[in-house]
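Asker: Take a look at this one; I'll ask things after.
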Amino acid sequence: MAKKDNKSFGDGQRRGDRMRERVKTARGRKLSSTRWLERQLNDPYVAAAKQDGYRSRAAYKIIEMDDRFKFFKPGGCAIDLGSAPGGWAQVAAHRLGAVKEKGFVAAIDIQDMEPIPGVAFLKLDFLDDNAPELVRELAGRRADIVMSDMAAAVTGHRQTDHLRTMALAEAAAWFAFEALKPGGSFCAKVFQGGTSGGLLTDLKIRFGNVMHMKPKSSRKESVELYVIARDFKG
Ligand SMILES: C[S@@+](CC[C@H](N)C(=O)[O-])C[C@H]1O[C@@H](n2cnc3c(N)ncnc32)[C@H](O)[C@@H]1O
1 MAKKDNKSFG DGQRRGDRMR ERVKTARGRK LSSTRWLERQ LNDPYVAAAK QDGYRSRAAY
61 KIIEMDDRFK FFKPGGCAID LGSAPGGWAQ VAAHRLGAVK EKGFVAAIDI QDMEPIPGVA
121 FLKLDFLDDN APELVRELAG RRADIVMSDM AAAVTGHRQT DHLRTMALAE AAAWFAFEAL
181 KPGGSFCAKV FQGGTSGGLL TDLKIRFGNV MHMKPKSSRK ESVELYVIAR DFKG
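As structure tokens, then:
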């Protein structure tokens, strides 16, 4: 488990004032892979995740959102949709006291995830007909937060990618309406341009407060942002 979960970065660090590492294009490596590698090597959140023991740099996104909105109450229950490799689940388990204080995290991903203490994991496509019911059973109680970082595999076709990720966010929202306890929260990855009109209307009917946030740790060039709905009316 990570020792620190309140890392913040000075502007200088985020601008990448440190010496940038350049990666030479190796024979056989695509230019896009070289760029990805260069970005990883120069990303302070990647370095911090390694140092703090998080499985992904994504951990800092949920840390930032929880620092602001206080989703995780000790002893509470979180449902993590699209959890692999497990950064969000690590943060949730730690902040809920999932090992010591009876907090609990139920997680699902279409890919495998290495075990995390206090986290029950289901390897399944969330869009399978029986997945929502199985995740609710895994949690065994109503959740304080349903969080979805699910992202469809990128096709490179902007509109297709947008529509597929929005479909996942909508499925996550409809699941949250069934799985949350009154007063609970919902947080899901959506794409720039925000939540589609229909989903936003549904969320506004069922939650006291709905807004969008782009955490500082979300890459500037990424079109992702998060819709956050709080105070579920039940
Ligand atoms: C950005 S990653 C999540 C990172 C994670 N929050 C973390 O902190 O490590 C998105 C995940 O969504 C998962 N995913 C995409 N579509 C899914 C689906 N239909 N059902 C379950 N998981 C899905 C992917 O397999 C991937 O692991």
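All the letters of the sequence shown, read from the start, carry residue numbers 1 to 234 under full-length UniProt numbering. Heads up, the beta-carbon is just placed ideally off N, CA and C, and yes, glycines get one too. Because the structure is a prediction, the values reported are computed rather than measured.
Less than 8 Å between the CB atoms is what I'm expecting for A106 and L138, so what's the real figure, rounded?
Answerer: Indeed, because the Cβ distance is near 4 Å, the residues count as touching under 8 Å.
Asker: For G208, does the count of other Cβ atoms within 10 angstroms reach 16, so buried, or fall short, so exposed?
Answerer: Exposed.
Asker: Any heavy atom of ligand 1 closer than 7 Å to the CB of S222?
Answerer: False, no ligand heavy atom lies under 7 Å from that Cβ.
Asker: Measuring alpha carbon to alpha carbon, tell me which of E224, K189, K216 and G103 ends up nearest R142.
Answerer: It is G103.
Asker: Alpha carbon to alpha carbon, how far is G198 from C77? Give it in angstroms, no decimals.
Answerer: Spanning the two alpha carbons is a distance of roughly 28 Å.
Asker: Quick one: does the C-beta of W174 sit closer than 7 Å to a heavy atom of ligand 1?
Answerer: No, the beta carbon of W174 sits no closer than 7 Å to any heavy atom of ligand 1.
Asker: Our contact map puts L81 next to F121 with C-beta atoms below 8 Å; I'd like the distance itself, whole angstroms only.
Answerer: L81 to F121, Cβ: 12 Å. No contact.
Asker: Report buried or exposed for W174, applying the criterion of at least 16 other Cβ atoms within 10 angstroms of its Cβ.
Answerer: It is exposed - the Cβ of W174 has fewer than 16 other Cβ atoms within 10 Å.
Asker: Looking at the secondary structure, which residues open and close the beta strand (DSSP E) in which E221 lies?
Answerer: Careful: E221 lies outside any beta strand (DSSP E) and carries neither H nor E.
Asker: Between the region 178-187 and the region 155-169, do at least 3 Cβ pairs fall closer than 8 Å?
Answerer: Verdict: no, contact absent.
Asker: Go ahead and label I62 buried or exposed: buried means 16 or more other beta carbons lie within 10 angstroms of its beta carbon, across all protein chains shown.
Answerer: So I62 ends up on the buried side.
Asker: Less than 6 Å between C-beta atoms, sequence neighbours within five positions excluded: which residues of the same chain meet that for K233?
Answerer: Closer than 6 Å at the Cβ level, and outside the excluded window around K233, lie R206.
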